[in-house]
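To keep things clear, I will list the structure first and then write my remarks on it.
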Amino acid sequence: MAETEKIETHRTRCISKLKIFLLAITLAFVSKTLSGSYMNSMLTQIERQFNIPTSLVGFINGSFEIGNLLLIIFVSYFGTKLHRPIMIGVGCVVMGVGCFLQSLPHFLMDRYEYESIILGNSSSNSFLCKENETQIFRPTEGPSDYVKEVKSLMWVYVLVGNMIRGIGETPIMPLGISYIEDFAKSENSPLYIGFVETGAIIGPLFGLLLASFCANVYVDIGSVNTDDLTITPTDTRWVGAWWFGLLICAGVNVLTAIPFFFLPKTLTKEGQKDNADIKNDKEEKQIEEVKKKNDGITKDFLPFMKSLFSNPVYMLFILVSVIQFNAFVNMIFFMPKYLEQQYGKSTSDAVFLIGVYNLPPICIGYIVGGLIMKKFKITVKQAAHIGFWLSLSEFLIYFLCFLMICDNSSVAGLTTSYEGTAQDLYAGNAILTDCNMDCNCPTKIWDPVCGSNGLSYMSACLAGCETFVGTGINMVFQNCSCIQTSGNSSAVLGLCGKGQDCSMMLQYFLILSVISSFIYSLSAIPGYMVLLRCIKPEEKSLGVGLHAFSTRGFAGIPAPIYFGALMDSTCLHWATLKSGESGACRIYDSTNFRYIYLGLPIALRGLSFIPAIFILIILRKYRLPGENASSGTVEAKVIRKENDCQEMDQISKVLNNDELKTKL
């Protein structure tokens, strides 16, 4: 009796440890997706903080994938031979270290100084238009100023920290899912993995909310008097407290690592007895199986690779995935910047809108897609057609985004003339005109004001303003010779708003993005069924890994770099550093920016349908490796049921690893 109670108690303890691991790995997924979504949302803040071009920001963002690829092979081959909970715990700690390293430049650099002709001269009106007088602005020479410029190279800390974060994240998904599969009942495994996927959904939600909050707080909060600031969160010179959120992410990652260091290397599988004899026999069998498995990996690696590369459906699917991931990586990473430039929203508002409008339909689409596949028992050929036609319909709907547009911000000398008429954006320097020619104004400093005539100017001096009242953000400039109006010619700080019509266009764009996100995520599960069933069962693990490697190596890393470079080509005015070099872009040509942001992904996705059509043709003519000749037999149905269970687990892995992370 006592022995039976002891066995039951020990079994309960083992099962509870599995539940503890389940809770811990779910929190780890929350922390890693929290860090990822936060970092992606803070790209524009990092660009402004370090005064770097968008192409370099894209490289910083792609460094995460570089770090991930550095360790993915090691984890794939040797991870199961090591202590998996400890490996996951170490990965969480490494992610925390990476996040902390990313925030370090804030504490090593001097306070952020945005370009302005007002700061340092606000005690007098020397920064305004004074005809026939020599203007004296803030000093720009001196060794200390060039030291500050050298310190801007500290963006390297962010790059290295992001790479370290990618290294730390590598073991969490594969080792966590395999640990659950090894020690959970086969019927419980999908449920447990569903809990883990919930963490991958909750994490981005918290990450976007945190990013929205931090982007609305000034970067040097606590060390400067915010009442003296002459910029608001909607200004392209504004930098939010990006470092604060990274510190929170670092703390969360380290805290989630703690439980893993107290979990055992192995557990008794759910539902099995735990006496010593059975346990020893099982351990010996497991050791033999691991040895055979490892020998098989090294022996069959090259034949498996040859088989995969000679599989036309698999190779075409990888080609489709790489092309489409190039499109979606760009659309997701740079969506906040698009909302800022096209619709005049602040980073805080843009990130919040993305979280509210895009996250729920993506999650619902995955769930509904999975339920449809299970309910109607869709075959692989049917899945291919479902995925193709859903993706094509969403592709055609997305063309409507070209109708949800706003005009360029009206800035005298850049996008319009001083009379308010449109001009050639690339005609040359038209910043100086008769009304400000004798004001001796700096022509490269971006310190915009909004005139009472509804036209923006690069600075109060270039607007011809001679006096001002008020302080900080409440300053009002008066007697502005370039502002042609019937009443008092005055101006206030900041660009003029884009109007109510533009706000309505933003609402239409967001509604359209909800529909597009739902339809495309609905096609994700059928698409991955094609991936998993077009290869042999023994090749699935390697096939999924090669697919992930290809999408990250050929899309996740290069796409943000070349996309950022194309965005830089649409810049109308660059920030000017103290050394005279160009910094971050202050205003873009909204029309060309829109053509690149919407047009390039549409072109890439349109190109991806060519190999997709070939997949449909091949599936009509040939039988896949995973298909049985007589699918109606009892044996075939049993095999299909077992394969379906394995495939749903593999789908969960792939979604956690690639699609969900990219979309969020």
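Taken in order, the sequence shown gives residues 659 to 1322; the numbers are from the working numbering.
Think of the CB as a built atom: it goes at the ideal place given N, C-alpha and C, for glycine as much as any other residue.
- Task: Count the other CB atoms, across all protein chains shown, that sit within 10 Å of the CB of TYR804; report buried if there are 16 or more and exposed otherwise.
- Result: Here residue 804 refers to the residue found at position 146 when the sequence shown is read from its first residue. The predicted position of TYR804 is uncertain, since its pLDDT is 38 and thus under 50; a value taken from the coordinates is nonetheless stated next. TYR804 should be labelled exposed.
- Alpha-carbon to alpha-carbon, GLN1136 and THR1129: One-based indexing of the sequence shown puts residue 1129 at position 471. One-based indexing of the sequence shown puts residue 1136 at position 478. Each residue's alpha carbon lies about 14 angstroms from the other.
- Query: In terms of residues, what are the limits of the alpha helix (DSSP H) holding TRP900?
  - Reply: Walking along the sequence shown from the start, residue 900 turns up at place 242. Segment 900-915, the alpha helix (DSSP H) holding TRP900.
- Message: For ILE1271 and SER1240, what's the separation of their Cα atoms in angstroms?
- Response: Along the sequence shown, read from residue 1 onward, the residue named residue 1271 stands at position 613. Along the sequence shown, read from residue 1 onward, the residue named residue 1240 stands at position 582. One C-alpha to the other measures close to 46 angstroms.
- Query: Does DSSP classify ARG1244 as helix, strand or coil?
  - Reply: Walking along the sequence shown from the start, residue 1244 turns up at place 586. Correct three-state label for ARG1244: strand.
- Message: Taking 8 angstroms as the cut-off, does the region 681-698 touch the region 855-866 (at least 3 CB pairs, one atom from each stretch)?
- Response: yes
- Task: Give me the Cβ distance between CYS1123 and ALA1149, rounded to the nearest whole Å; I'm assuming they're in contact under 8 angstroms.
- Result: On the sequence shown, residue 1123 is found 465 positions in, with the first residue counted as 1. On the sequence shown, residue 1149 is found 491 positions in, with the first residue counted as 1. Confirmed, about 6 angstroms.
- Task: My understanding is that GLY716 touches PRO1259, with C-beta atoms under 8 angstroms, so please give their C-beta distance in whole angstroms.
- Result: The residue given as residue 716 occupies position 58 in the sequence shown. The residue given as residue 1259 occupies position 601 in the sequence shown. No, GLY716 and PRO1259 are not in contact; Cβ-Cβ is about 15 angstroms, not under 8 angstroms.
- For THR756, collect the residues of the same chain with a Cβ closer than 7 angstroms to its Cβ; drop the 5 residues on either side in sequence, then sort them by chain order. As a first step, residue 756 is located in the sequence shown; it is residue number 98 there, counting from the start. The sequence as given places Gly at residue 756; Thr does not occur at that position. Here the set comprises GLY819, ASN820, ILE822, ARG823, GLY826.
- Which whole-angstrom value is the C-beta distance of GLU723 and GLY1214, which I expect to be below 8 angstroms? Taking the first residue of the sequence shown as 1, we reach residue 723 at position 65. Taking the first residue of the sequence shown as 1, we reach residue 1214 at position 556. At roughly 4 angstroms, the Cβ-Cβ gap stays under 8 angstroms, so GLU723 and GLY1214 are in contact.
- Task: Could you check if GLN982 is buried or exposed, using at least 16 other CB atoms within 10 Å of its CB as the buried criterion?
- Result: Here residue 982 refers to the residue found at position 324 of the sequence shown. Classification for GLN982: buried.
- Thinking just about the alpha-carbon of each residue, which of SER1114, MET1133, GLY1109 is nearest to the one in ASN1146? Taking the sequence shown and counting its residues from 1, the one referred to as residue 1146 is at position 488. Minimum Cα distance to ASN1146 is reached at GLY1109.
- Helix or strand or just coil, what does DSSP make of VAL1357? Residue 1357 lies beyond the stretch modelled for the chain, which goes from 659 to 1322, so this question has no answer here.
- Message: In the DSSP output, what is LEU887 paired with across the bridge?
- Response: Taking the sequence shown and counting its residues from 1, one reaches residue 887 at position 229. Paired residues: none, contrary to the question.
- Item | For VAL1134 and VAL1127, the rounded distance between their alpha carbons | On the sequence shown, position 469 is the one that residue 1127 refers to. On the sequence shown, position 476 is the one that residue 1134 refers to. VAL1127 and VAL1134: Cα-Cα distance of roughly 5 angstroms.
- Query: Between which two residues does the alpha helix (DSSP H) harbouring GLY824 extend?
  - Reply: Stepping through the sequence shown from its first residue, residue 824 is reached at position 166. 813-827 is the span of the alpha helix (DSSP H), which, as asked, contains GLY824.
- HIS1231 lies in the beta strand (DSSP E); which residues open and close that run? Within the sequence shown, the letter at position 573 stands for residue 1231. Residues 1229-1234.
- Message: Across the region 1028-1035 and the region 891-902, are there enough close Cβ pairs to call them in contact, namely three or more that are closer than 8 angstroms?
- Response: no
- Helix, strand or coil: which one does DSSP assign to THR1037? Locating residue 1037 in the sequence shown gives position 379, counting from the first residue. Residue state, collapsed to three classes: coil.
- Query: Who are the near neighbours of SER1161 in its chain, counting only those whose CB is closer than 8 angstroms to its CB and skipping five residues on each side?
  - Reply: Counting from 1 along the sequence shown, the entry for residue 1161 is found at position 503. Closer than 8 angstroms at Cβ, skipping near neighbours: TYR1001.
- Query: Of the residues ALA1182, TYR1246, ILE1131, which one's Cα is nearest the Cα of ASP885?
  - Reply: Here residue 885 refers to the residue found at position 227 of the sequence shown. The candidate whose alpha carbon is nearest that of ASP885 is ILE1131.
- Query: In chain order, which continuous runs of the alpha helix (DSSP H) of length 4 or greater are located wholly inside the region 1255-1283?
  - Reply: 1258-1279
- Item | Burial state of TYR1166 (16 or more Cβ within 10 Å) | One-based indexing of the sequence shown puts residue 1166 at position 508. Answer is exposed; the Cβ neighbour count stays below 16.
- Query: What's the C-alpha gap between GLU771 and LYS677?
  - Reply: On the sequence shown, residue 771 is found 113 positions in, with the first residue counted as 1. On the sequence shown, residue 677 is found 19 positions in, with the first residue counted as 1. About 50 angstroms.
- Task: Consider the Cβ of TYR770: report whether some Cβ of chain B lies at a distance smaller than 8 angstroms.
- Result: No chain B is present in this structure, which holds just one protein chain.
- Item | Buried versus exposed, by CB contacts within 10 Å (16 or more), VAL1292 | Residue mapping note: residue 1292 aligns to position 634 of the sequence shown, counting from 1. In this predicted model, VAL1292 has a pLDDT of only 39, less than 50, meaning its place in the structure is not dependable enough to derive any value.
- Curious, which full-length beta strand (DSSP E) runs of at least 3 residues does the region 1129-1178 contain? 1134-1136, 1148-1151
- Jot down the residue ranges of each uninterrupted alpha helix (DSSP H) in the region 706-763, minimum 4 residues, whole runs only, in chain order. 712-736
- Task: Could you pull out every residue in the same chain whose Cβ sits closer than 8 angstroms to the Cβ of CYS1154, ignoring the five residues on either side in sequence?
- Result: Start at 1 with the first residue of the sequence shown, and residue 1154 comes out as number 496. So the list reads SER1067, SER1068, CYS1108, GLY1109, GLY1112, LEU1113, SER1114, once near-sequence residues are dropped.
- Item | Buried versus exposed, by CB contacts within 10 Å (16 or more), GLN1158 | Taking the sequence shown and counting its residues from 1, the one referred to as residue 1158 is at position 500. It counts as exposed.
- Query: Roughly how many angstroms lie between the CA atoms of LEU904 and SER761, to the nearest whole one?
  - Reply: As a position in the sequence shown, residue 904 is number 246, starting the count at 1. As a position in the sequence shown, residue 761 is number 103, starting the count at 1. About 6 angstroms.
- Message: Taking the beta carbon of TRP1047 as the centre, do at least 16 other beta carbons fall within 10 Å, making it buried, or is it exposed?
- Response: The residue given as residue 1047 occupies position 389 in the sequence shown. So TRP1047 ends up on the exposed side.
- Task: Give the range of the beta strand (DSSP E) segment to which VAL978 is assigned.
- Result: Within the sequence shown, residue 978 is the residue found at index 320, counting from 1. No beta strand (DSSP E) contains VAL978, which is instead part of the alpha helix (DSSP H) from 970-991.
- First through last residue of the alpha helix (DSSP H) which encompasses GLY1185: By one-based count along the sequence shown, residue 1185 stands at place 527. It spans 1182-1191 - the alpha helix (DSSP H) in which GLY1185 sits, taken as one unbroken run.
- Could you tell me how far apart the beta carbons of ILE906 and LEU868 are, in whole angstroms, since I believe they sit closer than 8 angstroms? The residue labelled residue 906 in the question sits at position 248 within the sequence shown. The residue labelled residue 868 in the question sits at position 210 within the sequence shown. Right, their Cβ atoms sit about 7 angstroms apart.
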